[in-house]
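Peer 1: Following this message is one structure expressed as C-alpha cells.
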Amino acid sequence: MNCRQVEALLHAHADDQLDTLRGRSIERHLRGCAGCTARRDQVQALRTRIRTEVPRYVAPDSLRARVRAMADAVDASSARRPVPRRERIRWLGGGLLAGCAASALAWTLGTTLLVARASDQFAVAAVTTHVRATLDDRLIVVASSDQHTVKPWLSARLDYSPPVEDLADEGFPLAGGRVERLDGRDVATLVYRYRRHTIDVFVRPHASRAWSVVPHGVRGFNVAGEQGPTMDWLAVSDAEPEAVLALVRRLAREDAAR
Amino acid sequence: MPTHHLFEQSVLPHLDAGYNLARWLTRDAHDAEDVVQDACLRAMKYVGSLNGESARPWFLTIVRHAFYDWCRRNRPAALVDDDGSALDNAADDESLGPEQVCMRRAQSKALADAIAALPLPFREVVVLREIEELSYKEIARVADIPIGTVMSRLARARALLQRSPLLHAIN
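Residue numbers (numbering that gives the first Met the number 0), protein chains in the order written: chain A, 0 to 257; chain B, 0 to 170.
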C-alpha cells in the first residue's frame, strides 16, 4: 500500500474496523512511514481525549418515570389480556394489605384521609387516561382553537355543557377537545398547549366526590384539580407544575360560563 | 409478551444511549427529553417487530428519526446542508484571540464545545462512534448512510476537530 491508499483507511484502522488482511498491510506500511504513523497517532490521541474529557449524558429520572408510565398505559389500553397467575396473587396480596391498612387508617384518622386517597385515585386515573390518549394519537378529536366550535361539539356528546375558553392571550392556546371516560362517567376534555407541552383538562359538573386534587406529581406527570362555581376541573400534563396549576385555577373561575 | 415487558427489556436499558444522542443533537437538556419521549412512543408501537435485532442501534435509529422530525418542526434552519467549511474558516479567523483560546482550553469542556459546534452530519457520527462506541456497520444503519460514508464523515469530523480553534492543544 502507498500513503494515499493508507490515508483512505487510516481512520477505519484506528477504529479497529478493518479486516485482518488490510489491517496487516497497513501495519506494514506504518512501520516504514513516519508521516502516516504521525497521522495515525494524532487520530488516536484525539480519540483518547474524547473518551476521557467528553461527557456521556444520562437520562434524568423524571424522563425514565414518564416513559415507564407510558409503557404501562399501552398495555392498560390494549389489555383484555389475562393477568398472569403470579401477578394476580401479588395483586391480591397487595390489595389485602392496602385494604387492611386503609381501614385501619380510616378508623384512626376519620374521613380526611379517605378524601385524600380518593383524590389521588382521580389523579392516577387522569394520568392514565392522558397517557393512553397520547399513545393512541387521539388527544384531539375535535381540533379547533375556536371555543364556539369546541363547546357545541362537546355539548352534543355529553349530558352537560362545559364552559370552553381559549386562553391564547394568557399563554394557553386552546387546541381542541375530546370526550373521555373518567370516574364512572363521560367527561369533557379540553386540550390546551403550553409552550411545547400539551395540557389535558377534564371538566364535569360537581359530583358527590369533588376532584379537589392537591397539585402533585404522578409518574412523571403533574396533576392539579380545582373546584369552580359549577364545575370540577382537573388538569394533567408534563408541563411544569406551576403552569398546570395556573391553568386549572384560571379555568375554575369559569369566566366563560358567565 | 406484553408491550411494557418487551419495552422494559429491550428499550429501557438503552434510554441513556438514546438520551445522550438526543442531548448532543439538540444541544439542550429539555429538547432532548422531548425527542426521547417521542422516540419512546414510536419504539412502543414497533417494539413487537424487533425480532432478535440488536436493540441499541434500533432504538438509536428511532431517536435520530424523532430528532430530525423535531428539528423540521422547531429548528428548520439547523437542517441546511453544512459541509463544515464555515468551521474551517473560523479556524483561520482572528476574532478568537489567543487569550480566549487559552481560557477555553483551560476549561476541560473545550473539546465538548468543539464537538457540539460540528455540523449535524459530522456530530452524529462522532457521538455514535466515540461516545456510544458503535461499529461502522451499526453507525451506517443508524445514520442511514453507506459504510464508506461513515468512514469519510468520521475522517472529516476528526479533521474539523483537530483544526478547531477551541482546542489547539491536540498534537
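Quick reminder that beta carbons are idealized off the backbone N, C-alpha and C, glycines included. This structure is a prediction, so every number in the text was calculated from the model and none was measured.
Quick one: Cα of A/L189 to Cα of A/F171, how far?
Peer 2: Straight-line Cα distance between these residues: approximately 11 Å.
Peer 1: Using beta-carbon positions only, say whether A/A234 and A/L134 come within less than 8 Å of one another.
Peer 2: In this structure, A/L134 does not lie closer than 8 Å to A/A234 by Cβ.
Peer 1: With 8 Å set as the bound, which would you pick, yes or no: does the beta-carbon of A/A0 sit closer than that to a beta-carbon of chain B?
Peer 2: Residue identity differs from the one stated: residue 0 of chain A is Met in this sequence, not Ala. It does not: the Cβ of A/M0 has no partner Cβ on chain B nearer than 8 Å.
Peer 1: Which chain B residues sit within Cβ distance under 7 Å of A/M69?
Peer 2: Those are C39, L40, M43, listed as they occur along chain B.
Peer 1: Taking the alpha-carbon positions, what's the B/L117 to A/R39 distance?
Peer 2: Approximately 22 Å between the Cα atoms of the pair.
Peer 1: So what does DSSP say about B/H3, is it helix, strand or coil?
Peer 2: Residue state, collapsed to three classes: helix.
Peer 1: Taking a cut of 9 Å between CB atoms, which residues from the stretch 27-50 of chain A lie near chain B?
Peer 2: Under the 9 Å Cβ criterion, the stretch 27-50 of chain A contributes Q41, V42, A44, L45, R46, R48, I49, R50.
Peer 1: Can you confirm whether B/A111, when its beta carbon is compared against all beta carbons of chain A, has any partner nearer than 8 Å?
Peer 2: Answer yes: the Cβ-Cβ gap between B/A111 and chain A drops below 8 Å somewhere.
Peer 1: Is any beta-carbon of chain B found at less than 8 Å from that of A/R84?
Peer 2: Annotation note: pLDDT 43 at A/R84 (below 50); position unreliable, no value reported.
Peer 1: Identify the contact partners of B/V35 in chain A, using a Cβ-Cβ distance below 8 Å as the criterion.
Peer 2: Near B/V35 (Cβ distances below 8 Å), the residues of chain A are A58, L62, V66.
Peer 1: Decide if the stretch 8-24 of chain B is in contact with the stretch 212-228 of chain A; the criterion is three or more beta carbon pairs, one per stretch, under 8 Å apart.
Peer 2: Cβ pair count under 8 Å is below three, so no.
Peer 1: Please list, in chain order, the chain B residues whose beta carbon lies closer than 8 Å to that of A/E241.
Peer 2: Correct list: empty, because the minimum Cβ distance to chain B is about 15 Å.
Peer 1: Within a Cβ cutoff of 6 Å, which residues of the same chain sit near B/L166, ignoring the five residues on either side of it in sequence?
Peer 2: Correct list, in chain order: A109, L110, A113.
Peer 1: So which residues of chain A does B/L160 contact, with C-beta pairs closer than 7 Å?
Peer 2: In chain order: L45.
Peer 1: Going along the chain, which residues of the stretch 2-16 of chain B sit with their C-beta nearer than 8 Å to a C-beta in chain A?
Peer 2: Within the stretch 2-16 of chain B, the residues whose Cβ lies closer than 8 Å to some Cβ of chain A are T2, H3, F6, E7, L11, L14, D15, listed in chain order.
Peer 1: Output the distance between the C-alpha atoms of A/D158 and A/D136, rounded to the nearest integer angstrom.
Peer 2: Roughly 26 Å separates the two Cα atoms.
Peer 1: Tell me which residues share the same chain as A/A256 and place their Cβ nearer than 7 Å to its Cβ, disregarding the 5 neighbours each side in the sequence.
Peer 2: P162, T229.
Peer 1: Classify B/D27 as buried or exposed, calling it buried when 16 or more other Cβ atoms lie within 10 Å of its own Cβ.
Peer 2: Exposed: under 16 other Cβ atoms inside 10 Å.
Peer 1: Buried or exposed: which applies to A/N221, given that a residue is buried once 16 or more other Cβ atoms fall within 10 Å of its Cβ?
Peer 2: Looking at its Cβ environment, which holds 16 or more other Cβ atoms inside 10 Å, A/N221 is buried.
Peer 1: Mapping the DSSP letters down to three states, classify A/M230 as helix, strand or coil.
Peer 2: Strand.
Peer 1: Do you know how far the Cα of B/G47 is from the Cα of B/T2?
Peer 2: One C-alpha to the other measures close to 7 Å.
Peer 1: When DSSP labels each residue in this structure, what does B/L110 get in the three-state scheme?
Peer 2: If DSSP states are grouped into helix, strand and coil, B/L110 belongs with the helices.
Peer 1: Which residues in the same chain have their Cβ closer than 6 Å to the Cβ of B/L24, if we skip the five residues on either side of it in sequence?
Peer 2: So the list reads F66, once near-sequence residues are dropped.
Peer 1: By the criterion of Cβ-Cβ separation under 8 Å, what are the contact partners of A/H10 in chain B?
Peer 2: Under the 8 Å cutoff, chain B gives M150, L153, A154, R157.
Peer 1: Identify whether A/V243 lies in helix, strand or coil by the three-state DSSP scheme.
Peer 2: A/V243 falls in the helix class under three-state DSSP.
Peer 1: Can a CB atom of chain B be found closer than 8 Å to the CB of A/L134?
Peer 2: For A/L134, the answer is yes, since a Cβ of chain B falls inside 8 Å of its Cβ.
Peer 1: Cα-Cα, which of A/I25, A/A167, A/G176 is closest to A/V149?
Peer 2: If we check each option's Cα against that of A/V149, A/G176 comes out closest.
Peer 1: Determine the extent of the beta strand (DSSP E) in which A/A174 is found, giving its start and end residues.
Peer 2: Counting along the chain, the beta strand (DSSP E) containing A/A174 begins and ends at 173-181.
Peer 1: Hey, does A/V5 have any beta-carbon neighbour from chain B nearer than 8 Å?
Peer 2: Not closer than 8 Å to any Cβ of chain B, the Cβ of A/V5 fails to qualify, so no.
Peer 1: Who are the neighbours of A/D18 on chain B, taking C-beta pairs under 7 Å?
Peer 2: Those within 7 Å of A/D18 in chain B number zero; the least Cβ separation is about 12 Å.
Peer 1: In the DSSP assignment, find the beta strand (DSSP E) that holds A/H196 and state where it starts and stops.
Peer 2: Its beta strand (DSSP E) spans residues 196-204.
Peer 1: In chain order, what residues of the same chain have a beta carbon less than 7 Å from the beta carbon of A/D254, not counting five sequence neighbours either side?
Peer 2: The residues are E164.
Peer 1: Taking 8 Å as the CB-CB cut-off, is B/E19 touching chain A?
Peer 2: In the sequence under discussion, the amino acid at residue 19 of chain B is Asn, which differs from the Glu named in the question. Answer yes: the Cβ-Cβ gap between B/N19 and chain A drops below 8 Å somewhere.
Peer 1: Leaving aside the five residues before and after B/V124 along the sequence, list all residues of the same chain whose C-beta is less than 8 Å from its C-beta, in chain order.
Peer 2: If we look at B/V124 and ignore the five residues flanking it on each side, its Cβ neighbours are I138, A142, V149, R152, L153, A156.
Peer 1: Between the C-alpha atoms of A/V53 and A/Y191, what's the straight-line distance to the nearest angstrom?
Peer 2: For A/V53 and A/Y191, the distance between alpha carbons rounds to 39 Å.
Peer 1: Inspect the CB distances between the stretch 48-65 of chain A and the stretch 128-135 of chain B and report whether three or more fall short of 8 Å.
Peer 2: Yes: at least three Cβ pairs fall under 8 Å.
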